[in-house]
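This report refers to the structure that appears directly beneath it.
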Amino acid sequence: MRGIAALALLTLLAACSENNEPPAPPEPVLEGGVRQEAPPMVEPEDLPLPMEEPVEEQ
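For the sequence shown, the positions run 1 to 58 when full-length UniProt numbering is used.
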């Protein structure tokens, strides 16, 4: 009987222990249930130059 009480106490302590880890963000899922990979991060120096608007000659 003593072992059951000790096991119950350990279970209670484990359930009430502090968890300092932030919850993991949910993975994006498409409508069909397929995982969607996050877009790759682009560094600012890798960005293409902004397109200039064409100048109309008269």
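For glycine and all other residues, C-beta sits at the position ideal for the given N, C-alpha and C. Keep in mind it's a predicted model, so treat the numbers as computed, not measured.
Given P25 as reference, the closest of A38, L13, A14 once Cα atoms are compared: For the purposes of this step, residue 25 is identified with residue 25 of the sequence shown, where counting begins at 1. Minimum Cα distance to P25 is reached at A38.
Pairwise C-alpha distance: L7 and L13: On the sequence shown, residue 13 is found 13 positions in, with the first residue counted as 1. On the sequence shown, residue 7 is found 7 positions in, with the first residue counted as 1. Rounded to the nearest whole angstrom, the CA to CA distance from L13 to L7 is 10 Å.
E52 versus E27: straight-line alpha-carbon distance, rounded: In the sequence shown, the residue the question calls residue 52 occupies position 52. In the sequence shown, the residue the question calls residue 27 occupies position 27. Near 37 Å, if we compare the C-alpha coordinates of E27 and E52.
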